[in-house]
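Report on the following structure.
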């Protein structure tokens with residue numbers, strides 16, 4: 011069986027539209043992120059308490075909030091998880107989770123509400139967790155940058171790294187707009203997305219490297235477009251198989267994993283898109299602007 | 263190209279066999295993380311008492327010993343208690359039923375007491391007033407703590423850890439290890455009196471309500487320097503000295519991070535993730551077979567071997583399977599399938615260019631190799647760094663990813679190539695269907 015025959019699309023000709031699309035989504039994401047502020051994050055990264063509760067029958071955020079209002083705590087955030095209306099996250103100031111849990115059991119009765127999980131993170135710990143996660147992430151990116159510079163060259167490496175940034179900003183933006191909280195689950199998804207994104211980019215760059223060595227042509231747009239087309243069948247097939255896996259995780263993985271699998275879904279599509287429309291496109295524009303000769 | 267690649271096939275079979283042996287039965291060989299089985303994860307920050315000139319790292323070691331003592335008393339299977347950095351202690355208690363009590367017990371300040379043991383054989387009701395039964399804990403041959411031989415001890419202690427200055431291991435005149443203790447001035451006075459009045463009785467050393475040792479008082483000890491002798495092994499003596507030192511300097515340990523995962527959440531994760539993964543695997547396997555025929559089968563074998571190796575290595579290095587770890591497996595599988603798609607698409611391309619089947623296969627592998635190695639190494643680099651620098655779940659993800667990359671390079675290129683060579687060398691192929 012062969013779905014994709016030889017193609018000859020002018021991908022790079024559409025890159026201006028792609029830039030516009032990417033920038034719009036990322037900008038919208040940044041604005042939403044700025045408006046929501048601290049509530050974007052799970053307690054791991056800002057400190058405080060978090061309760062995760064499940065109810066026997068569907069309930070609502072309003073209902074849960076009402077039940078805990080007796081404590082008169084100003085900074086309580088109640089969020090619904092998933093779409094079955096029986097899973098909630100309650101974020102509150104330090105050392106209040108136990109009180110809230112007790113109050114909920116009292117209001118709803120112990121048979122109705124179940125505490126599924128609880129985290130209490132001190133502010134100092136959350137700062138250390140956040141810094142270490144960021145440090146690990148940036149040093150990891152730097153390691154990739156160096157390796158790609160050695161195996162390809164610096165412009166390729168920079169554009170590949172920018173594509174990863176693009177994907178993460180894109181996914182975080184969309185997740186935040188959909189009302190999800192950036193917690194360790196989402197962080198795991200983001201790391202996975204970075205891995206898939208760099209993989210896609212390298213496959214295209216590898217083909218560019220091969221044909222540049224063969225032809226010595228300096229018509230980069232044509233060369234890059236050709237490389238994208240030549241690897242297109244692989245791009246789509248790999249895309250199909252990975253998306254199938256993640257879609258199944260999304261539909262069968264349960265409510266608790268929905269944020270995680272949704273982030274992966276968006277990320278895998280965006281990762282494939284960005285290898286063409288961010289990494290390769292930026293490389294073309296950068297080359298044109300500075301009229302470098304790319305040496306491989 | 264005809265070459266004998268039988269040894270490669272044998273090597274692959276050996277690796278597969280060893281992996282299966284290593285991970286069977288799966289639920290016993292790979293530990294599930296707290297997120298997948300419920301339990302508590304606590305990080306404590308140890309504060310250095312002002313009254314000491316000991317380093318913070320040393321104080322943390324002592325606090326860790328105290329926590330270990332308490333956790334042993336909880337009877338949790340497979341607890342993890344480890345020091346992180348100089349002043350953090352991580353405690354993981356999987357599958358615990360009463361998390362709140364456990365957290366309270368772990369978080370309280372240590373109490374070391376010296377209490378008199380009552381050793382009359384028959385006791386009347388009234389004689390029991392002011393006494394209580396306390397257990398001793400000992401490790402059995404498998405290293406599991408078990409409760410044994412309770413002793414009747416006085417409720418009010420004769421002395422607490424604050425009277426203790428130091429405790430260390432030395433050797434007695436016949437070469438057996440003994441534990442020496444040094445008391446401060448106040449402690450020495452109390453000890454002198456207690457020992458003179460109770461010669462022949464036993465004095466229990468009690469840490470947080472657990473008897474660690476109960477030596478007999480042989481004579482009056484006037485100078486605040488005592489030796490505890492017995493049939494100690496070196497390890498036992500060392501442990502007792504450590505307990506005494508730890509109790510002498512009760513450091514305050516504050517809980518700065520706690521995470522409680524209910525057992526239902528973990529069960530839900532496991533069941534649903536497992537179901538989704540099985541369906542996902544079936545769809546991908548069928549897809550590859552329809553799309554690439556025999557080669558698709560090959561890719562599926564490679565994928566299965568990849569997962570086997572990944573699980574086996576995780577089991578060998580005693581890794582823990584967490585949710586982010588599963589994300590790492592998903593990514594590894596994606597990249598494993600991708601590597602084969604890269605190769606097969608390349609073979610098709612070479613066939614279209616008019617190459618003979620054998621030449622097309624050789625060229626396909628040869629040319630896809632650079633893309634596979636570059637993408638895997640790049641992902642591997644970030645995996646290693648996330649493992650080395652990350653914390654908790656990020657570390658687990660990095661570990662899975664790193665192992666996955668190595669397994670990937672092995673299966674995607676070596677395994678499938680060996681099988682293809684083996685099959686192609688055994689017959690003459692005129693036409694290749696892929």
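Residue numbers (our numbering), protein chains in the order written: chain A, 11 to 306; chain B, 263 to 696.
Note that CB positions come from ideal geometry on N, CA and C, so glycine has one too.
List, in order along the chain, the chain A residues whose C-beta lies closer than 9 Å to that of residue 708 of chain B? The structure shown has nothing for residue 708 of chain B, since chain B only spans 263 to 696.
Run the CB neighbour count on residue 315 of chain B, radius 10 Å, all protein chains shown included, and call it buried at 16 or more, exposed below. In the second chain, the residue the question calls residue 315 of chain B occupies position 53. The residue is exposed, with fewer than 16 neighbouring Cβ atoms inside 10 Å.
Considering only their Cβ atoms, is the gap separating residue 664 of chain B from residue 645 of chain B smaller than 8 Å? Taking the first residue of the second chain as position 1, residue 645 of chain B is located at position 383. Taking the first residue of the second chain as position 1, residue 664 of chain B is located at position 402. A contact, by the Cβ cut-off of 8 Å.
Strictly below 9 Å CB to CB, what residues from chain D border residue 567 of chain B? Chain labels in this structure do not include chain D; the protein chains are A and B.
Give me the Cα-Cα distance between residue 556 of chain B and residue 354 of chain B, rounded to the nearest whole angstrom. On the second chain, residue 556 of chain B is found 294 positions in, with the first residue counted as 1. On the second chain, residue 354 of chain B is found 92 positions in, with the first residue counted as 1. Cα-Cα distance, rounded: 47 Å.
Any chain B beta carbon closer than 8 Å to residue 131 of chain A: In the first chain, counting from the first residue as 1, residue 131 of chain A sits at position 121. Interface with chain B (8 Å Cβ-Cβ cutoff): residue 131 of chain A is included.
Under three-state DSSP, which class holds residue 689 of chain B? Sequence index remark: in the second chain, residue 689 of chain B carries index 427 (1-based). If DSSP states are grouped into helix, strand and coil, residue 689 of chain B belongs with coil.
In whole angstroms, what is the alpha-carbon distance linking residue 541 of chain B and residue 332 of chain B? Start at 1 with the first residue of the second chain, and residue 541 of chain B comes out as number 279. Start at 1 with the first residue of the second chain, and residue 332 of chain B comes out as number 70. C-alpha of residue 541 of chain B to C-alpha of residue 332 of chain B: approximately 44 Å in a straight line.
According to DSSP, is residue 433 of chain B helix, strand or coil? The sequence position of residue 433 of chain B within the second chain is 171, counting from 1. DSSP places residue 433 of chain B in strand when its eight states are reduced to three.
Of the residues that make up the segment 320-338 of chain B, which ones have a beta carbon closer than 9 Å to any beta carbon in chain A? The residues in question: there are none.
Under 7 Å from the C-beta of residue 135 of chain A: neighbouring residues of chain B: Position 125 of the first chain, counted from the start, is the residue given in the question as residue 135 of chain A. 305, 518, 519, listed in chain order.
With 8 Å set as the bound, which would you pick, yes or no: does the beta-carbon of residue 598 of chain B sit closer than that to a beta-carbon of chain A? Translated into positions along the second chain, residue 598 of chain B becomes position 336. Taking a beta-carbon distance threshold of 8 Å, residue 598 of chain B does not count as an interface residue toward chain A.
Tell me whether residue 263 of chain B is buried or exposed, calling it buried when 16 or more other Cβ atoms sit within 10 Å of its Cβ. Mapped onto the second chain, residue 263 of chain B falls at position 1. Since pLDDT at residue 263 of chain B reaches only 44, below the 50 mark, its modelled position is unreliable, and the value read off the structure follows with that caveat. Exposed.
Compile a chain-ordered list of the residues in the segment 656-686 of chain B whose CB is closer than 9 Å to at least one CB of chain A. Those would be 656, 657, 658, 659, 660, 663, in chain order.
Give the interface partners of residue 182 of chain A over in chain B, defined as CB-CB distance under 8 Å, in chain order. On the first chain, position 172 is the one that residue 182 of chain A refers to. Going along chain B, no residue has its Cβ under 8 Å from residue 182 of chain A, so there is no contact; the nearest lies around 16 Å.
Classify residue 97 of chain A as helix, strand or coil using the three-state DSSP reduction. By 1-based counting over the first chain, the position of residue 97 of chain A is 87. In the structure shown, residue 97 of chain A falls within a strand segment according to DSSP collapsed to helix, strand and coil.
In whole angstroms, give me the CA-to-CA distance for residue 58 of chain A and residue 251 of chain A. Sequence index remark: in the first chain, residue 58 of chain A carries index 48 (1-based). Sequence index remark: in the first chain, residue 251 of chain A carries index 241 (1-based). Computed Cα separation, rounded: 40 Å.
Chain B contact residues for residue 99 of chain A, given Cβ-Cβ distances below 7 Å: To locate residue 99 of chain A, count along the first chain from 1; it is residue 89. Per Cβ cutoff of 7 Å: no residues; residue 99 of chain A is ~12 Å from chain B at best.
Secondary structure at residue 157 of chain A, three-state DSSP: helix, strand or coil? Within the first chain, residue 157 of chain A is the residue found at index 147, counting from 1. In this structure, residue 157 of chain A counts as helix in the three-state DSSP scheme.
Cβ-Cβ distance between residue 281 of chain A and residue 643 of chain B below 8 Å: The residue you call residue 281 of chain A lines up with position 271 of the first chain. The residue you call residue 643 of chain B lines up with position 381 of the second chain. At a Cβ-Cβ threshold of 8 Å, residue 281 of chain A and residue 643 of chain B do not count as neighbours.
Report the neighbours of residue 244 of chain A on chain B: residues whose CB is nearer than 7 Å to its CB, in chain order. One-based indexing of the first chain puts residue 244 of chain A at position 234. For residue 244 of chain A, the chain B residues whose C-beta falls within less than 7 Å of its own C-beta are 603, 604, 607, listed in chain order.
Could you tell me the alpha carbon to alpha carbon distance between residue 422 of chain B and residue 54 of chain A, rounded to whole angstroms? What you label residue 422 of chain B is simply residue 160 of the second chain in a count that begins at 1. What you label residue 54 of chain A is simply residue 44 of the first chain in a count that begins at 1. If I take the Cα positions, the gap works out to 39 Å.
Within 10 angstroms of the Cβ of residue 631 of chain B, are there 16 or more other Cβ atoms? Answer buried if so, exposed if not. Residue 631 of chain B sits at position 369 when you count from the first residue of the second chain. For residue 631 of chain B, the number of other beta carbons within 10 angstroms of its own is at least 16, and it is reported as buried.
Cβ neighbours of residue 88 of chain A in the same chain (closer than 7 Å, five flanking residues each side left out): Here residue 88 of chain A refers to the residue found at position 78 when the first chain is read from its first residue. Closer than 7 Å at Cβ, skipping near neighbours: 71, 74, 75, 98, 100.
Look up residue 392 of chain B in the DSSP assignment and say whether it is helix, strand or coil. On the second chain, position 130 is the one that residue 392 of chain B refers to. Under the three-state reduction of DSSP, residue 392 of chain B is assigned to coil, being neither helix nor strand.
Rounded separation between residue 397 of chain B and residue 535 of chain B - CA only: Stepping through the second chain from its first residue, residue 397 of chain B is reached at position 135. Stepping through the second chain from its first residue, residue 535 of chain B is reached at position 273. Spanning the two alpha carbons is a distance of roughly 43 Å.
Residue 41 of chain A versus chain B: which residues are under 8 Å apart at the beta carbon? For the purposes of this step, residue 41 of chain A is taken as residue 31 along the first chain, with counting starting at 1. Those do not exist, as residue 41 of chain A stays about 28 Å from chain B at its closest Cβ, beyond 8 Å.
Does the segment 490-503 of chain B come close enough to the segment 456-463 of chain B that 3 or more CB-CB pairs lie under 8 Å? At 8 Å Cβ cutoff, the stretches do not touch.
Could you list which residues in chain A have their beta carbon closer than 8 Å to that of residue 549 of chain B, in chain order? Stepping through the second chain from its first residue, residue 549 of chain B is reached at position 287. Result: 250, 251, 254.
Which residue from B/360, B/359, B/365 puts its Cα closest to that of residue 352 of chain B? Numbered from its first residue, the second chain carries residue 352 of chain B at position 90. The option with the nearest alpha carbon to residue 352 of chain B is B/365.
Threshold first: 4 residues or longer. Then list the alpha helix (DSSP H) segments lying entirely within the segment 131-209 of chain A, N to C. Entirely contained in the segment 131-209 of chain A, the alpha helix (DSSP H) runs reaching 4 residues are, in chain order, 133-161, 164-187.
What three-state label does DSSP hand residue 485 of chain B in the structure shown? The residue you call residue 485 of chain B lines up with position 223 of the second chain. Here residue 485 of chain B carries a coil assignment [DSSP, helix/strand/coil].
Rounded distance between the beta-carbons of residue 17 of chain A and residue 239 of chain A, thought under 8 Å: For the purposes of this step, residue 239 of chain A is taken as the residue at position 229 of the first chain. For the purposes of this step, residue 17 of chain A is taken as the residue at position 7 of the first chain. Going by Cβ atoms, the distance from residue 239 of chain A to residue 17 of chain A rounds to 5 Å, so yes, they are a contact pair.
Nearest-angstrom Cα separation, counted from residue 294 of chain A out to residue 229 of chain A: What you label residue 229 of chain A is simply residue 219 of the first chain in a count that begins at 1. What you label residue 294 of chain A is simply residue 284 of the first chain in a count that begins at 1. Each residue's Cα considered, the two are about 10 Å apart.
By the three-class DSSP mapping on this structure, what secondary structure does residue 19 of chain A have? Numbered from 1 along the first chain, position 9 holds the residue referred to as residue 19 of chain A. Residue 19 of chain A falls in the coil class under three-state DSSP.
Out of A/96, A/272, A/245, which has the shortest C-alpha to C-alpha gap to residue 258 of chain A? Here residue 258 of chain A refers to the residue found at position 248 when the first chain is read from its first residue. It is A/272.
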